[in-house]
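Residue numbers (this note's numbering): 95 to 606. Even for Gly, the Cβ is constructed at its ideal location relative to N, Cα and C. Below: one structure, written as structure tokens.
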């Protein structure tokens with residue numbers, strides 16, 4: 095059995111085998127599929143045995159193609175032996191256009207344009223195509239010098255693969271800028287508006303109007319975002335009318351900075367009003383009539399206490415439509431100045447209990463936050479942060495020492511205590527109230543010697559932040575405490591965030 099397929103000029107014919115299962119033998123002397131050029135004159139491949147689809151695609155098919163305008167012959171031979179049953183072969187052929195302009199034997203001395211089935215040579219402005227349709231004839235040097243009035247440039251080197259030398263040995267010429275490869279002069283080449291940098295901006299370093307050789311520099315919106323790339327972000331308007339970098343031409347990315355605030359607060363002796371710009375990670379939560387807090391940990395992620403996200407006294411999640419989140423201001427009396435954050439989904443820890451164990455939840459937003467002076471994220475803590483006798487700060491819109499609900503964002507400095515002190519204080523409370531929850535290893539306590547300072551009702555879900563390696567980290571989440579806040583010998587209880595870092599990172603990465 096024999097087949098032959100030929101390609102017209104400017105095309106090649108290729109064979110694609112998708113199945114091969116023949117009797118295997120030495121030198122394919124029994125069954126064989128032979129592919130050759132030009133009616134069998136030159137063998138390309140003799141095939142037998144069984145090859146997988148991937149083997150055919152990777153090692154066989156790339157070789158089965160003709161020269162431009164050539165032919166492929168396919169000959170199948172089978173003897174009379176049938177030691178096993180084989181299924182044969184399956185293949186199809188393609189006629190494909192070739193790009194003469196990309197080949198090493200490019201026939202054009204100047205410019206080349208490929209089209210289906212052929213190519214056409216072209217000349218730069220000021221040259222005419224020779225009658226041989228391959229080379230270009232230029233004008234006399236005197237004529238060129240008479241028409242050009244711009245500054246003269248001398249050629250020292252060129253990076254073009256096939257530079258064109260002027261006849262007569264001249265190494266200087268007068269250049270006229272073009273906007274396109276063909277046509278009349280229309281002014282200096284331009285690159286158009288640079289691409290926008292998310293959370294960044296563009297600055298012109300040299301030139302203007304996006305013209306040839308103009309230089310721009312990308313900057314992130316500091317101090318809220320920084321670039322981690324080593325390159326300087328410089329891009330030059332090139333002759334190809336595109337902005338090119340000395341690096342990899344990939345736009346720098348701007349990463350948000352966590353754990354910083356625009357207002358530095360000092361130590362205090364009780365709950366004080368938080369100045370504008372402080373605790374920029376704080377958010378205000380409303381679950382029906384219940385109010386609580388939360389904090390920003392990423393462009394689309396918030397963290398809070400799980401009990402803020404469930405129906406009161408249960409572990410059943412509240413529908414996201416019933417929860418409201420606000421950020422960007424420190425005074426609830428000016429709620430119109432807050433930014434409402436739309437919720438995409440809520441992730442309550444699967445092992446949360448009504449006794450506040452695993453009291454942690456994540457909120458994903460529908461769109462990323464653009465950080466500024468009043469809205470910034472807090473950092474996640476190191477996995478092994480030391481919280482023994484550690485000072486931290488808590489902010490919130492909770493109940494004050496007068497047991498009045500605060501519309502101003504308040505903050506307080508607290509000290510952590512040992513687990514022994516923590517559990518001992520609640521063991522005493524449990525003697526008076528048997529429904530007092532137990533302090534687990536997923537919690538820690540903080541308060542003040544002598545009382546008077548504590549987080550309280552309405553602060554739930556806010557962050558207990560510590561200053562670690564120059565940034566503020568959310569080491570804890572306001573969870574629960576005794577009925578009367580800030581009493582001597584009692585403490586507030588906080589979810590120990592470092593214990594949940596794996597869950598936090600896994601939840602965010604799987605749902606980002």
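- Residue 537 is classed as buried because its beta carbon has at least 16 other beta carbons within 10 Å across all chains shown.
- Collapsing the DSSP output to three states places residue 420 in a strand.
- In the structure shown, residue 540 adopts extended strand secondary structure according to DSSP, grouped into three states.
- Take residue 160, set aside five residues on each side of it, and the residues of its chain with a beta-carbon closer than 7 angstroms to its own are 101, 106, 107, 131, 166, in chain order.
- Bounds of the beta strand (DSSP E) holding residue 191 are 182 to 191.
- A residue is called buried when at least 16 other Cβ atoms come within 10 angstroms of its Cβ; residue 337 meets this threshold and is buried.
- When secondary structure is reduced to three states using DSSP, residue 520 falls in the helix class.
- Assigned with DSSP and collapsed to three states, residue 376 falls in strand.
- Apart from sequence neighbours up to five positions away, the residues of its chain that approach residue 423 with a beta-carbon distance below 6 angstroms are 431, 432, ordered along the chain.
- The three-state reading of DSSP puts residue 339 in strand, counting E and B together.
- Ranked by Cα distance from residue 411, the first of 453, 213, 301, 421 is 453.
- Ranked by Cα distance from residue 389, the first of 194, 572, 186 is 572.
- A direct Cα-Cα distance of roughly 8 angstroms separates residue 117 from residue 179.
- Annotation for residue 390: no alpha helix (DSSP H) segment contains it, though the beta strand (DSSP E) segment containing it runs 384 to 390.
- Residue environment for residue 190: exposed (fewer than 16 other C-beta atoms within 10 angstroms of its C-beta).
- Remark: C-beta atoms of residue 352 and residue 479 do not approach each other more closely than 8 angstroms.
- With three or more CB-CB distances shorter than 8 angstroms, the segment 553 to 565 counts as touching the segment 464 to 475.
- DSSP assignment within the segment 461 to 509 yields the following whole beta strand (DSSP E) runs of 3 residues or more, N-terminal first: 485 to 490.
- Sequence-distant Cβ neighbours of residue 462 in its own chain, meaning closer than 7 angstroms and more than five residues away, are 393, 394.
- By the C-beta density criterion, residue 225 is exposed, having fewer than 16 other C-beta atoms within 10 angstroms.
- Take residue 439, set aside five residues on each side of it, and the residues of its chain with a beta-carbon closer than 6 angstroms to its own are 458, in chain order.
- Taking 8 angstroms as the upper bound for CB-CB distance, residue 500 and residue 559 are not in contact here, some 19 angstroms apart.
- In the DSSP assignment, residue 600 falls within the alpha helix (DSSP H) that extends over 595 to 605.
- Exclusion of the five residues before and after residue 502 leaves 367, 424, 425 as the residues of its chain whose Cβ lies within less than 7 angstroms of its Cβ.
- Under the criterion of beta carbons closer than 8 angstroms, residue 129 and residue 168 qualify as touching, at roughly 6 angstroms.
- In the assembly as shown, residue 375 is a buried residue. Its beta-carbon has 16 or more other beta-carbons within 10 Å.
- Of 157, 510, 122, the smallest CA-CA separation from residue 583 is found for 510.
- One alpha carbon belongs to residue 216, the other to residue 286, and they sit about 27 angstroms apart.
- Cβ contact annotation for residue 214 (same chain, cutoff 7 angstroms, sequence separation greater than five): 207, in chain order.
- Excluding the 5 residues flanking it on each side, residue 221 has same chain C-beta neighbours closer than 6 angstroms at 230, 232, in chain order.
- Nearest in C-alpha terms to residue 591, of all of 414, 405, 400, 542, is 400.
- The three-state reading of DSSP puts residue 438 in strand, counting E and B together.
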